[in-house]
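Participant: Please read through the structure below; I'll follow up with questions.
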Amino acid sequence: MKRRDFIKSAAIGLGGLLMPADKSDASLWETFFQKYFREMTPEEKKSVAKRLEKEYKDKTGVSIDIKTNEALPRVKFGYGLDLSRCIGCRRCVYACVTENNLSRKPQVQYITVLEFKSGEKWVSDLEESRKYYEHETVPEPGHFYMPVQCQQCDRPPCVKVCPTGATWKEPDGIVVVDYNWCIGCRYCMAACPYGARKFNWADPQVPPEQFNPNTHYLGNRPKFKGHVEKCTFCIQRTRENPGRYPACVEICPVGARKFGNLLDPESEISQCIETKRVFRLKEELNTNPSFYYFFSL
Amino acid sequence: MKGKFCAAVISAVVLLFMLHGLAVSEEGFPKFTTTKPPFTEGIFPCTSCHAAMPPNKEKRVLGFHTEIQLRHGDNWCLNCHDAANRDMLHLASGELVPFDKLYQVCGQCHGNILRDWRIGIHGKRVGYWNGDKTYSLCVNCHNPHSPKFKPLKPLPVPAGPTEIMKVKGSVPVTIEEKKIYIPQYDK
Chain A
295 MKRRDFIKSA AIGLGGLLMP ADKSDASLWE TFFQKYFREM TPEEKKSVAK RLEKEYKDKT
355 GVSIDIKTNE ALPRVKFGYG LDLSRCIGCR RCVYACVTEN NLSRKPQVQY ITVLEFKSGE
415 KWVSDLEESR KYYEHETVPE PGHFYMPVQC QQCDRPPCVK VCPTGATWKE PDGIVVVDYN
475 WCIGCRYCMA ACPYGARKFN WADPQVPPEQ FNPNTHYLGN RPKFKGHVEK CTFCIQRTRE
535 NPGRYPACVE ICPVGARKFG NLLDPESEIS QCIETKRVFR LKEELNTNPS FYYFFSL
Chain B
241 MKGKFCAAVI SAVVLLFMLH GLAVSEEGFP KFTTTKPPFT EGIFPCTSCH AAMPPNKEKR
301 VLGFHTEIQL RHGDNWCLNC HDAANRDMLH LASGELVPFD KLYQVCGQCH GNILRDWRIG
361 IHGKRVGYWN GDKTYSLCVN CHNPHSPKFK PLKPLPVPAG PTEIMKVKGS VPVTIEEKKI
421 YIPQYDK
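Going down the list, the sequences are from chains A and B.
With the numbering used here, letter number 4 in the first sequence gets 298, and the count goes up by one each step, no holes.
With the numbering used here, letter number 101 in the second sequence gets 341, and the count goes up by one each step, no holes.
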């Protein structure tokens, strides 16, 4: 036997031994050798989505649809949140959990609603805020509320620190994560100044009957233990054509949440920026968010 | 004579421009569809009862419609409702306005809010961000007789960092015809 052949067969044999014996099916091989998502052709993306759909069906018996559609041309998403209207009711938090198939146990939530006392130091120092407020009814008199979620920065520090390129900014402005490429090092969580990235500490559990079957590869598809995830402006809804509003926008009982195309001067978000006093959270960090807080009163 | 003729022509042109401007702004008003006013079942058309009743314009406490607690403006029905045509509202000018265009009535006092509503900053739109969308009318969110929002019960508090595994399950609640899931905790 030639030396070269020996090394080859030894490597293949070793590879075979390393594969878990109970799961050595084609799906596992494909998962192991999956290409980098951004380098895949549309067909390759579709076949990966098919594989993931089958995996979920085999596991739960429920059929889901995983889309891989790309960003729409001439679209840059922007989000507005009216701080003079928000009442801190947390409906957005759970509309998001439901839409994005976020793990119920361990609990994962993309939106954090912060409560501040009126007159309290706030934007510059979120340490004073309360996340675990419990009241009979909201708004609590003498308090105001600020929901925080991914700000979809134009200079995202989370993308900069990712050692594997598992997270990147899409042309329509959404910062996405490829859960199959993420190694769970949580550098991005440390880098994000908004606490917007969430980690799956254990196998995420969503009852199959509660699972939203309309999913996107870069959004609310089935997730697993040990990777980071984040708000994607409901990529599975907003990237349809015509695109629906994100779930948090549609559930807000006071209409405090605005969403649209920053490149369209008629969109709600462009009009907010044009006519209202807007600010972006922690502007001094030069992260350049696409998320605008404003006061309509 | 010539001067008078010129003045008449100029004023006619100015009037035409003004009318055109009004038509354009009215046309562009609900750019998309608006929702329907949420009438109590069986209450509309109002003329089904009021047609047989002579209008009494005197400001008073009503013997009927007692379920309505009026806390808006100077608290008198006929500020917005029309005495002669009960199925319509009216502007301060006396011009009649149908119920599904009631934003014109509200906008008389709340002009800045109406301006924001038109461009999508005030109120709520549902549907498609780049397609058909539905505007909520003022009365779909605000009770016109008592427009200030009533406090709401907040949804459950999130689990603390050490409690993320102490979730018993998630149960559905229906909010505005949407089913969303909220957690149930062990404690």
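Quick reminder that beta carbons are idealized off the backbone N, C-alpha and C, glycines included.
1) Quick one: using the 10 Å Cβ neighbour count with 16 as the cut-off for buried, is A/Tyr426 buried or exposed?
2) Closest Cβ-Cβ distance between A/Lys524 and chain B: below 7 Å?
3) Which chain B residues are close to A/Pro569, counting only those with a beta carbon under 9 Å from its beta carbon?
4) Mind checking if A/Cys444 is an interface residue toward chain B, Cβ cutoff 7 Å exclusive?
5) Under 8 Å Cβ-Cβ, which residues of chain A neighbour B/Phe418?
6) What in chain A is Cβ-close to B/Val379, meaning under 9 Å?
7) Flag B/Pro338 as yes if its beta-carbon sits less than 7 Å from any beta-carbon of chain A, otherwise no.
8) How should B/Phe257 be labelled, buried or exposed, when 16 other C-beta atoms within 10 angstroms of its C-beta is the threshold for buried?
9) Just checking: is the beta-carbon of B/Gly268 within a distance shorter than 7 Å of some beta-carbon in chain A?
10) Mind checking which residues open and close the beta strand (DSSP E) that includes B/Asp356?
11) From B/Pro423, B/Asp340, B/Tyr368, B/Leu310, pick the residue whose C-alpha is nearest to that of B/Ser386; which is it?
12) Taking the straight line between their C-alpha atoms, what separation do you get for B/Glu403 and A/Lys302?
13) Report buried or exposed for A/His510, applying the criterion of at least 16 other Cβ atoms within 10 angstroms of its Cβ.
14) Would A/Ser564 count as contacting chain B if we go by Cβ distances under 7 Å?
15) If I measure Cβ to Cβ from B/Phe272 and keep anything under 7 Å in the same chain, skipping five residues before and after, which residues do I get?
16) Residues bridged to A/Thr406 by DSSP?
17) Run through the DSSP bridge pairs and tell me what A/Val342 is partnered with.
18) Here's the rule: buried if 16 or more other CB atoms are within 10 angstroms of the residue's CB, otherwise exposed. What is B/His362?
19) For A/Ile301, which of helix, strand or coil comes out of DSSP?
20) Return yes when the Cβ of A/Ile405 is within less than 7 Å of the Cβ of A/Gln443, no when it is not.
21) What residues in its chain sit with their C-beta under 8 Å from that of B/His290, if we drop five residues either side in the sequence?
22) Counting contacts by CB-CB distance shorter than 7 Å, is A/Val572 in contact with chain B?
23) Output yes if chain D places a C-beta closer than 7 Å to the C-beta of B/Tyr421; else output no.
24) Counting contacts by CB-CB distance shorter than 7 Å, is A/Tyr488 in contact with chain B?
25) Does DSSP put B/Ala263 in a helix, in a strand, or in coil?
26) Alpha carbon to alpha carbon, how far is B/Val264 from B/Ile359?
27) Could you tell me which of B/Met293, B/Gly351, B/His305, B/Pro394 sits nearest to B/Thr280, measuring between CA atoms?
28) A/Arg368 by DSSP, collapsed to three states: which one?
29) At a CB distance below 8 Å, what residues from the segment 492-515 of chain A approach chain B? Give them in sequence order.
30) Mark A/Thr581 as exposed unless 16 or more other C-beta atoms lie within 10 angstroms of its C-beta, in which case mark it buried.
31) Around the Cβ of A/Ala320, are there at least 16 other Cβ atoms within 10 angstroms (buried) or fewer (exposed)?
32) At the level of alpha carbons, what is the spacing between A/Arg515 and A/Ile360?
33) Below 7 Å on C-beta distance, what does A/Gly467 contact in chain B?
34) Using a Cβ-Cβ distance cut-off of 7 Å, determine whether B/Ser411 contacts chain A.
35) Go ahead and pull the three-state DSSP assignment for A/Leu512.
36) Should A/Gly459 be labelled buried (16 or more other beta-carbon atoms within 10 Å of its own) or exposed?
Facilitator: Taking the geometry as given:
1) Burial call: exposed.
2) no
3) Sequence check: residue 569 of chain A is Thr here, not Pro. Result: Arg355, Asp356, Ile359, Ile361.
4) no
5) Note that residue 418 of chain B is Lys in the sequence shown, not Phe. Ordered by position in chain A, the residues that pass the 8 Å Cβ test against B/Lys418 are Ala389, Glu544, Ile545.
6) In chain order: nothing, as chain A lies at least about 14 Å away.
7) no
8) Here B/Phe257 scores only 47 on pLDDT, less than 50, and its place in the model is too uncertain to base an answer on.
9) Because B/Gly268 carries a pLDDT of 41, less than 50, the predicted location of this residue cannot be relied on, and no value is offered for it.
10) No beta strand (DSSP E) holds B/Asp356; the alpha helix (DSSP H) holding it covers 351-358.
11) Of B/Pro423, B/Asp340, B/Tyr368, B/Leu310, the residue nearest in Cα terms is B/Leu310.
12) 49 Å
13) Its Cβ being crowded by 16 or more others within 10 Å, A/His510 is buried.
14) no
15) Asp372, Lys373, Thr374, Tyr375
16) A/Val442
17) Answer is none; A/Val342 lacks a bridge partner.
18) So B/His362 counts as buried.
19) Assigned with DSSP and collapsed to three states, A/Ile301 falls in helix.
20) yes
21) Arg326
22) no
23) Among the chains of the structure shown, chain D does not appear; the protein chains present are A and B.
24) no
25) Model confidence at B/Ala263 stands at a pLDDT of 35, short of 50, so the residue's coordinates are unreliable; what they give is reported in the following sentence. Helix.
26) Confidence in B/Val264 is poor, its pLDDT being 34 and thus under 50, which makes the residue's placement unreliable; the coordinate value appears in the next sentence. Their backbone Cα atoms lie some 15 Å apart in a straight line.
27) B/His305
28) coil
29) Trp495, Ala496, Pro501, Gln504
30) Label assigned to A/Thr581: buried.
31) exposed
32) 7 Å
33) Near A/Gly467 there are no residues of chain B at all, since even the closest Cβ is about 13 Å away, more than 7 Å.
34) Here the sequence assigns Val to residue 411 of chain B, which means Ser is not the residue at that position. For B/Val411, no Cβ of chain A is located within less than 7 Å of the residue's own Cβ.
35) coil
36) exposed
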